[in-house]
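In full-length UniProt numbering, the protein residues as written are 1 to 1168.
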């Protein structure tokens, strides 16, 4: 109203007196109209502003995010004063931030906030609050929004396309959520965007090409998603881009050359994808680049020399690609480089001397390549080097003395090379060294005393060299040692007592040296020890009682020494022990009952000692036991029934002892039971479900060392009488059998219709099987193989079995009928938890078939080929499948009499039950259907699994099964047949493939420590089995024992750090060496057992041979028989009688005193 008064006064002054009254009237009239209008507009505007602010406040309250927090506790209703809220001068909210809030919105959802109520919101930064739910499409209403940060929450669903409406957005951060779906192409409309971070989600699909329109973008981070497809070339248009992170996706194709146009780029990280092709030389134009990480892809070709022009580069990582060629000399120009990682490629040639120019380098990793030649002296210039990895190459020559000038070095890996020469005294200069790995070289000479001055050392690996001399008492100075591995050298002398000072040790391995003397009692001071291996030395004396202090010990191996005396009862204090091997010593006395307190034991080996007494009944306390070996001792008494009640026990060897009595039925169920050369009896002739097949006979007595020889008269007469009676009995039975199977008689037809199901239900008839399968209708067929077709049959009892209808070709022949029934009966007696049970067979004039246990999940082959079912086979199940196969094949090879060579191990013949447990099928069918063939005349198998030697020889041996097993083991880990891998390895072109790259990609990479160890062990064993020379392959028995031990020779590395070449090397050295060592030991034991007390046995043999010659005419029709002769309590002997093609009678005698085989034909000289 003030301005109207001024106008009135001015008009009055200007107007004449006569007009004043008129002007006043006009002005008053105008005022009456204008003033109310202005007043009303102001009131309306004020009311609208107040209403909007009220809506904002209500939206905050209704979200529930502030209701119960301390954010509103001490404030009035003015929401602008709440924590995390910032308003403008008009009281409207412009920023919502969780920085000052409780940062915990557990249970709250983002959609609870009504975004349409915040027209002036500029910054919305709610991160790390555990918000859940989807990003609502209403977020597109925030037209003034410049910053949107929802990182580190639990958001799900897709990124809404409406986000493209935020035209003023400069910063979009949605990382660390659970967002799925594709990146919306509408993001390309955010023309002002400077920062786009969507990492750590589960986004899929391709990177939209529209992203190239973000001309102001400085930071693009899409790492840790599931993005696929190629990198869009449009990325090259992002001229202001400084950071590009696309790692940990599934990107394919080549790196676009347009990337060279990003002249301001400082960080380029494309690691852990599936990129292929060459590294574009245009990368050399990125002059401001500080970090280049292309690791863990499939890039090929040589490293472009242009990378050497990136003078600002601080980190270069090309790890785990397929790069070849040499290291560019131009790398010497990267003088600011801090990290250089080129490991896991196929780089060859020399390490360039120019690498000595990189004086700022703190980490250099060139391991797992094919680099050769000497280590350059210039490496000594890298004074700032903290870690140096050159392991797993082909480096030769001595270690340069300049290397020992690197006194900042903390980690040095030179393992798995061909380095020679001694360790110089200068090694003591590296005072900061914490990890030193020089294993698997050819280093010679003694361990220098200066090495023991490196008191910062935590890990010292010098294993697998040719080091000599004693282990110095100064080893006690290394008080920070966590692992000490000096195994596989030629160290001599005694173990110093100062070893007890290393009380932080977790693992100590001095095995396979020539150490002698006693085990020092101070070993008991190593109270943190989990693994102790002193095996294969010449240690003597007693096992110290102080071992009781090693309370964390999980593995104790003292086998292969000269230890004497009793097993100390204090060993029962080692309650964490899972593996104990005291075999091949001279321990005596009885097994202490206290040992059975070690209830975690999986493997217990006390074989080849002089233990006596009985097996403690407390052995039932070892509820986790899988392997028990008490063989070659003097143990007496009975086998406790508690042993058979241990549910997981799969291998028990009590052979060659003085055990007596009846074997408990529960023990007979153990699949790998060995009990020969005892005085044991089987109480019930009906063999239990899980018992091993019946052996021809078992030896009596122990080793014959202390038994008294009976008079010559008794030892000669009794065998002769028994022999004659048995010969006549065999001839009589043989003639009756000829009459029974005369094809012209009715008995022949009767035999051909006989349906026998042993250990099952003999009342089931042929007709019932025909009815169950509707005369083998195709709809019941569940598989077809080389031997016949398999049908699913549900019997009247409701039980389901599998019928294998065999191809028939010889069923009319008498010899075939006889052998088929004999072999089928023997095969039906095989009982092992990992072998498909054969219930019986049927010979009918219409067909012949076998009846097996039904396996619900079918073959391993089919499961691995089905993506859904394959995922069910997690890493633990897959490892168990391989182990089950190994135990089953070991059983067939070594526990069946006669041994069974499968001849057709493949993933098709490994069946899975409802729990995805593995069972070997089709065992013994080759011999069943081809009775006249031997292992050297019949070659069967599946293409891709057949051992290579069968291409030039007809010799089918157990080692053929070993090769096939190796193929299947790799197939289980890879999820497909390993043909391509084996082909590439044989061509020596892919020797540096990483294990992580060949594992089944349908499963997440293994992370559990135990699972990773198991996978590494399975891989090592598999490659050992695939040796081209059969003799170089381990036996299935060795493999089974290796799995029972369960210890990976590589320790505990991450699975992504293991190369295939490393696994192959381990397989060649560890498995083969163990196998050969066992063979040598067996030969030594056999030769020791031959003594001069066998004179009377020789007399018996020759007397029997003389009497046998009188029955030549009657024996011409006798092809082969087995005769058992008991010579009192002195010896149990097997006689195999054969008619030689030249008419000579051959008698093979095996007896327990001499433990050898003797042939009597053209020569009377014993053949060991």
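Don't be surprised by glycine CBs; every beta carbon is placed ideally from N, CA and C.
- Counting the other Cβ atoms within 10 Å of the Cβ of residue 319 gives 16 or more, which makes it buried.
- When DSSP states are grouped into helix, strand and coil, residue 649 belongs to the coil group.
- In the three-state reduction of the DSSP assignment, residue 523 falls in the helix class.
- The beta carbon of residue 281 is closer than 6 Å to those of 304, 306 in its chain, skipping five residues each way along the sequence.
- Within its own chain, the residues whose Cβ lies closer than 7 Å to the Cβ of residue 385, once the five positions on either side in sequence are excluded, are 361, 362, 364, 406, 408, 409, listed in chain order.
- Membership of residue 1025 in the alpha helix (DSSP H) is indicated by the continuous run 1009-1025.
- Only residues of its own chain outside the window of five on either side were considered, and among them 305, 308 have a CB closer than 6 Å to the CB of residue 330, listed in chain order.
- In this structure residue 271 is buried. Its beta-carbon is surrounded by 16 or more other beta-carbon atoms within 10 angstroms.
- Note on residue 346: 16 or more other CB atoms within 10 angstroms of its CB, so buried under the neighbour-count rule.
- Here residue 558 is not near residue 542, since their CB atoms are 8 Å or more apart.
- Contact annotation: residue 262 and residue 292 have beta-carbon atoms that are not nearer than 8 Å.
- The criterion of a C-beta distance shorter than 8 Å is not satisfied by residue 921 and residue 801.
- Residue 959: member of the alpha helix (DSSP H) spanning 958-974, first to last residue.
- For residue 893, the uninterrupted alpha helix (DSSP H) run begins and ends at 875-894, by DSSP.
- Straight across, the Cα-Cα distance linking residue 970 with residue 617 is about 41 Å.
- Boundaries of the alpha helix (DSSP H) harbouring residue 1063: 1060-1066, taken from the DSSP string.
- Residue 490 sits in a strand when the DSSP states are folded into three classes.
- With contacts defined by Cβ atoms closer than 8 Å, residue 207 and residue 217 do not form a contacting pair.
- Excluding its 5 nearest sequence neighbours in each direction, residue 637 has C-beta neighbours in its own chain below 6 Å: 614, listed in chain order.
- Following the DSSP letters along the chain, one finds residue 146 in no beta strand (DSSP E), marked with neither H nor E.
- Comparing alpha-carbon positions, the option among 900, 556, 253, 945 lying closest to residue 827 turns out to be 900.
- Taking C-beta separations shorter than 6 Å and ignoring five residues to either side along the sequence, the partners of residue 584 in its chain run 559, 560, 608, following chain order.
- Of 797, 327, 400, the smallest CA-CA separation from residue 772 is found for 797.
- Counting only residues of its own chain and dropping the five nearest sequence neighbours on each side, residue 472 has a CB closer than 8 Å to the CB of 447, 449, 452, 496.
- The beta-carbon distance between residue 627 and residue 588, rounded to whole angstroms, is 23 Å. This is too long to meet the 8 Å contact definition.
- Comparing alpha carbon positions, the residue from 211, 245, 250 closest to residue 227 is 250.
- Runs of the beta strand (DSSP E) lying entirely within the region 227-296 and spanning at least 3 residues, in chain order: 228-230, 243-245, 250-252, 267-269, 291-293.
- Excluding residues up to 5 positions away in sequence, 134 lie with their Cβ nearer than 6 Å to the Cβ of residue 157 in the same chain.
- Counted as a single uninterrupted DSSP element, the stretch harbouring residue 401 is not any alpha helix (DSSP H), since DSSP gives it neither H nor E.
- Put simply, the backbone Cα of residue 433 is about 8 Å away from that of residue 458.
- Counting C-beta pairs with one atom in each stretch, the region 995-1003 and the region 1029-1036 have fewer than three that are closer than 8 Å, which means they do not touch.
- Excluding five sequence positions before and after residue 539, the CB atoms of its chain that fall closer than 8 Å to its own CB belong to 495, 515, 516, 517, 518, 519, 558, 561, 562, 563, given in chain order.
- The beta-carbon separation of residue 654 and residue 672, rounded to 11 Å, does not stay under the 8 Å limit for a contact.
- Between residue 126 and residue 93 the beta-carbon gap is near 13 Å, outside 8 Å, which marks them as no contact.
- Straight-line spacing of the CA atoms in residue 642 and residue 667 works out to 8 Å.
- Checking the DSSP bridge columns, you'll see residue 171 partnered with 147, 195.
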